[in-house]
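S.K.: Dropping the structure in here first, questions after.
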Amino acid sequence: MRAPRWTPAELLAVMGSRELGDDTSVFAGVGVPLLAAVLAQQRHAPRLTLVIEGGIIGPRIAPGRLPISTNEMRAAHRATMLPSITDTFLFAQRGFLDCGFIGGAQIDRYGNLNTSVIGGEYRRPKVRLPGSGGANDIISLCKEVVVLTVHEKRRFVERVDFVTSPGYLEGGESRRKSGLLFGRLTRVVTTLGIFGFDPDGKRMRLEALHPEVTKDAVVAETGFEILMPERIETTEPPTAEELRCLRAIDPERRFLGPLA
Amino acid sequence: MRAPRWTPAELLAVMGSRELGDDTSVFAGVGVPLLAAVLAQQRHAPRLTLVIEGGIIGPRIAPGRLPISTNEMRAAHRATMLPSITDTFLFAQRGFLDCGFIGGAQIDRYGNLNTSVIGGEYRRPKVRLPGSGGANDIISLCKEVVVLTVHEKRRFVERVDFVTSPGYLEGGESRRKSGLLFGRLTRVVTTLGIFGFDPDGKRMRLEALHPEVTKDAVVAETGFEILMPERIETTEPPTAEELRCLRAIDPERRFLGPLA
Amino acid sequence: MPGAAAPYDFREARRRLEAKAKSSGEKLTSIEDAVARVKDGDLVAAGGCLFSRTPMALVREILRQRRQRLTLARNLMCTEGELMMVAGAVDKVVTAWMSIGLPWGVSKIMREYVESGRVPLEEWSHLALGLRFRAAAMGVPFLPTLTMLGSDLIPVGGTKTLECPYTGETLALVPALFPDVAILHVHRADRFGNCQIDGYPHMDADIARAAATVLVTAEEIIPGDEVRRRPDRTSIPGFVVDALVHVPYGSFPHECYGLYEADFDHFGEYAAAIDAAGSRAVAGYLDRYVYGPATYGDYLDRFGRERLRRQAKYARELTR
Amino acid sequence: MPGAAAPYDFREARRRLEAKAKSSGEKLTSIEDAVARVKDGDLVAAGGCLFSRTPMALVREILRQRRQRLTLARNLMCTEGELMMVAGAVDKVVTAWMSIGLPWGVSKIMREYVESGRVPLEEWSHLALGLRFRAAAMGVPFLPTLTMLGSDLIPVGGTKTLECPYTGETLALVPALFPDVAILHVHRADRFGNCQIDGYPHMDADIARAAATVLVTAEEIIPGDEVRRRPDRTSIPGFVVDALVHVPYGSFPHECYGLYEADFDHFGEYAAAIDAAGSRAVAGYLDRYVYGPATYGDYLDRFGRERLRRQAKYARELTR
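Protein chains in written order, with this note's numbering: chain A, 9 to 268; chain B, 9 to 268; chain C, 538 to 857; chain D, 538 to 857.
Structure, rendered in structure tokens:
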């Protein structure tokens, strides 16, 4: 077996970057989501505005000085505005933020995310995770949301133990009926492929496989039944130029992971 | 008849200034209320904080450069903070503003103020006045409110045509019952005397007469029955030092009026 | 027909924002092009307060383009409101207070137009109107408050009250106000629309977020790098702004904090002319200051450059 | 017993503020005197966010004075929360997220204390917690929002929903959170407590207005005249502040925008020690950094002045 030409994180960042259009705003978490946004900005979306939840608008992340949090000078490097955290999220509630980029610990067939508790009772959980942070707000309030995540069976579960951040809840109209008028989860970009949701039932659906990934690999790494439409695309592999650009942003490979 | 030693505006400003304690905050409108607050600051309340509704905290008004509005550089002279207008009023709603100083066009026995319409129907009034400005907010939200006004029969009416700024509404518990939990109108300082409100019925009550003013003069200039307790104080006349200080603040006599 | 939605309809307001490009690209244009975005019948909110940071150049261009049936919303209204009334541009005003300033008494123009029923005046308390813009800026249909309760402002504004589900107390819920267009004047901006304001911020930041379309004039256009050196001075981000115009003295004869004081002598002459001739004086004023001068520079020349320099000196004295 | 009121009780919160002096006088004092105002059982809200502008000197002094049964509320919690847990100072935390930072995974200390039930973690979305402080800052019992709806955060937090009387839509009403004490670290203040913050303001301004008692440390104490020259830089007015202490590097090893970067090497060593020895490592850390050094200067010496200079250099590079 030959060495892969890109790491899983590189694949996610490149595929994620392609979801972003020019003349839009993106609310991005740190790590791979931020890399994806910076890549898009450098490649095809020069008038993209990055928004970071610590209260940062329009930063130009310095290559090699990547932030590890949403609240630090590396994240705010050469920003155009630094509103309060609350005001930053309120831009999303008002409708100014086109796309939200988030990760996730557990995700289920309706795109619900859990970053709170796994196992046990809520107040005495088996594993207590860090919590929502801004993920709930982003998925509730941004116009469109893309989840970027490693595709593993322990993450893709039948039903999340706790809905920290609402995808389509019970599917169908249940999200809208809960009062969530705005925003929707449009894509789940994983290390295996790209997923959407069927318009009626809002169940997760395979839309495209990454190069050299099979449907069986998806089924094997997914803890629920994924809808498989007749026609499934194959994504364009990361180009040499995309990879070159991406690697220049994270030369220390802090988030891109070790090349084999 | 000898010439009065002070003008009506001077009397109001001096009497008003005495209502303010040190280590407090005062929300003051321009004109006589502002003069009263500045006088208090210079005389007995050096740690008083002036708050002006245009979004101004802690200004040091320059003598001879008195503002004519709550939204100008003269009002903001050497301020310590300039919050947004909304945030300025929210300091009052939260409970940070101890005393509000306002004027009034029409006032009734329960201290209700009208600066909106006189006569006719609301939408086709005989006289359209400028409106609430911040007066409604100040009387609704400051801990204590003092009205400073010339005492004339056309101002002191049986019932205001329109309640722009609520005093005690219909008296009794009606203010509290309307939802106004905070604040209260404590004093009405006029050119004739100082008035309060009886604790139960909340009707206006004479508390003190200015020097050389008679009860009959009050009755003659008031369009409703004023409560007259057994014991009525006489105010200390403005001192030479108070007048000297006050006149130095407004040397052009822009608000103090012409000396006879 | 977006403009026909109820002012508190946060769903429609959100849809309009979602449909608009949120670009960090070029925003600099001419005043004519900027104001072409204002449509007859629009609800226009003006920034600043009374005679401070009034977007006078934008008001002037709206009148020159003969817009009609506008609703003008502004917390405290001054001469700009009178000009719009007499020019026939407004069908309604939404405000907490309207006149020129304390020394000139109650506005005679406001009285003439409102008492006759020609231009209804929708009245709110100062905080309530601020909260209406803030609710809109936050993307919610109302904000709770304790102001206005018990007063006659509650019924005339149609403000609903609520028994608080947490405390059982009565709260006023002031409805959001989503303008079609915001017109604002700021101290400086880069060409991408990132705006910085000195001194009192008034309600401009909320109004910008509340509106579907945002037009800004700036005293100074600065390089983007300068904004990035002091990002904590930015109060309106570029992606909120639709059009930006470079207009020095863009509030004159009103003030701009630190740069020029309001021209009180001019107000006095203006008020005296109204005392003598009523709204006919304002019609003459419109010819002389609005319709006549072809450019904003010509407009400023009517005041005289000496006057501008004097007012700038006063401002420096008061703020240094 | 004020502390016993429900966190959204705006009436009690208002009464406490009305009873307090709103002075523009002297606020400068010692850290010991400032922290003496914190009582056992208090709800303490800390400013900054994660490892940015954490009021570390105040946290350290609270631990030195052995306060107990505190509730700590902070939007994103970091090492200061772990220290308070292991020191036995907190009975509960209120937050949107708790760990040290992405590279060090899920906080082992948080897991140990929360999973065992020793310290309940009350969880809100980041915006919801921000709105709780803002509601309190505004003096109202709740604010309406569309966030958290549909998620399990609504039932576990006891958040009530409302059918909007204007639009009929469902809104979440997040309840106000009125802290007994706010602890904040800012860039500069004058001795009267007028505070200025550079860079991202986080939630500090709201927290200051929300709390009954406000304790502030500042990197620099500047003359009052300097505040009056740039009043538009002030975000917390003096009459809100109860006690002010001059503490350079008052957030270290966390960051202060423009002045010093967080010491990530130190975080790495701290996290590695926990990996090796669990909460015993934190107990040792408390002895070495909190209980041991008699003064804040001695505390900083444990990091080494060279380290402080290095982090200051990094900050200048990132913000100039």
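Don't be surprised by glycine CBs; every beta carbon is placed ideally from N, CA and C.
Given a limit of 8 Å on CB to CB distance, which residues of the segment 586 to 600 of chain D reach chain A?
M.R.: Within the segment 586 to 600 of chain D, the qualifying residues are 586, 587, 588 and 589.
S.K.: Per DSSP, what kind of secondary structure is residue 144(B) in: helix, strand or coil?
M.R.: helix
S.K.: Is the beta carbon of residue 626(C) closer than 8 Å to that of residue 601(C)?
M.R.: no
S.K.: Closer than 7 Å between beta carbons: that is the criterion. Which residues of the segment 146 to 172 of chain A meet it against chain D?
M.R.: Listed by position along the chain: 148, 149, 170, 171 and 172.
S.K.: Going along the chain, which residues of the segment 680 to 709 of chain C sit with their C-beta nearer than 8 Å to a C-beta in chain D?
M.R.: 680, 681, 682, 683, 697, 699, 701, 702, 703, 704, 706 and 708
S.K.: Would you say residue 784(C) lies against chain B (beta-carbon separation less than 8 Å)?
M.R.: no
S.K.: Name the chain C residues that come within less than 8 Å of residue 61(B), Cβ to Cβ?
M.R.: 663
S.K.: What are the partner residues of residue 634(C), as DSSP defines its beta bridges?
M.R.: 613(C)
S.K.: Please classify residue 813(D) as buried or exposed, where buried requires at least 16 neighbouring CB atoms within 10 angstroms.
M.R.: Classification of residue 813(D): exposed, given that the 10 Å Cβ count is below 16.
S.K.: Using 8 Å as the cut-off, can you tell me whether the segment 160 to 179 of chain A makes contact with the segment 681 to 692 of chain D, which would need three or more C-beta pairs spanning the two stretches below that distance?
M.R.: yes
S.K.: Let me know the secondary structure DSSP gives residue 618(C) once reduced to three states.
M.R.: helix
S.K.: Under three-state DSSP, which class holds residue 576(D)?
M.R.: coil
S.K.: So does residue 161(A) have its beta carbon nearer than 7 Å to some heavy atom of the ligand FAD?
M.R.: Among the components of this structure there are no ligands whatsoever, and the ligand FAD is therefore not found.
S.K.: Can you tell me where the beta strand (DSSP E) holding residue 60(B) begins and where it ends?
M.R.: 57 to 60
S.K.: Since residue 584(C) contacts residue 722(C) with CB under 8 Å, what's their CB separation in whole angstroms?
M.R.: 7 Å
S.K.: Please give the ranges of any beta strand (DSSP E) in the segment 663 to 723 of chain C, keeping only runs that are unbroken, at least 3 residues long and fully inside the region.
M.R.: 679 to 682, 697 to 700 and 707 to 712
S.K.: Measure the beta-carbon distance from residue 25(B) to residue 47(B) and round it to whole angstroms, keeping in mind my assumption that it falls under 8 Å.
M.R.: 4 Å
S.K.: How would you label residue 567(C), buried or exposed, when you count the other beta carbons within 10 angstroms and need 16 or more for buried?
M.R.: exposed
S.K.: So, are the CB atoms of residue 844(C) and residue 825(C) less than 8 Å apart?
M.R.: Not closer than 8 Å, so no.
S.K.: Using the beta-carbon of each residue, which ones in chain A are nearer than 7 Å to residue 668(D)?
M.R.: For residue 668(D), the chain A residues whose Cβ falls inside 7 Å of its Cβ are 94, in order along the chain.
S.K.: Taking the C-alpha atoms as reference points, what is the distance between residue 653(C) and residue 137(B)?
M.R.: 14 Å
S.K.: Just to confirm before moving on: does the CB-CB distance between residue 745(D) and residue 773(D) stay below 8 Å?
M.R.: yes
S.K.: If you reduce the DSSP assignment to three classes, tell me which class residue 602(D) lands in.
M.R.: coil
S.K.: Would you call residue 798(C) buried or exposed, if buried means 16 or more other Cβ atoms sit within 10 Å of its Cβ?
M.R.: buried
S.K.: Let's test the definition: count the other Cβ atoms within 10 Å of the Cβ of residue 766(C) and tell me whether it reaches 16, buried, or not, exposed.
M.R.: exposed
S.K.: Under DSSP, the beta strand (DSSP E) around residue 752(C) begins and ends at which residues?
M.R.: 750 to 758
S.K.: Between which residues of its own chain and residue 63(A) is the CB-CB distance below 7 Å, once the five residues before and five after are set aside?
M.R.: 90, 91, 92, 93 and 96
S.K.: Residue 651(D) touches chain A at which residues, Cβ-Cβ below 8 Å?
M.R.: 133 and 136
S.K.: So residue 156(A) is in the beta strand (DSSP E); what residue range does that whole segment cover?
M.R.: 152 to 157
S.K.: Using CA atoms only, rank isn't needed, just tell me which of 732(C), 629(C) and 807(C) is closest to residue 131(B).
M.R.: 629(C)
S.K.: Given this structure, state the Cα-to-Cα distance separating residue 259(A) from residue 782(C), to the nearest angstrom.
M.R.: Between residue 259(A) and residue 782(C), the alpha-carbon positions lie close to 41 Å from each other.
S.K.: Shortest alpha-carbon distance to residue 108(A) belongs to which of 194(A), 203(A), 201(A) and 244(A)?
M.R.: 194(A)
S.K.: Kindly indicate which residue of 79(B), 116(B) and 85(B) has the alpha-carbon position closest to the one of residue 231(B).
M.R.: The shortest C-alpha separation from residue 231(B) is found at 116(B).
S.K.: Which residues in the same chain as residue 188(A) place their Cβ atom closer than 8 Å to its Cβ, once the five residues preceding and following it in sequence are excluded?
M.R.: 148 and 174
S.K.: Taking the alpha-carbon positions, what's the residue 807(C) to residue 779(C) distance?
M.R.: 34 Å
S.K.: Leaving aside the five residues before and after residue 29(B) along the sequence, list all residues of the same chain whose C-beta is less than 7 Å from its C-beta, in chain order.
M.R.: 53
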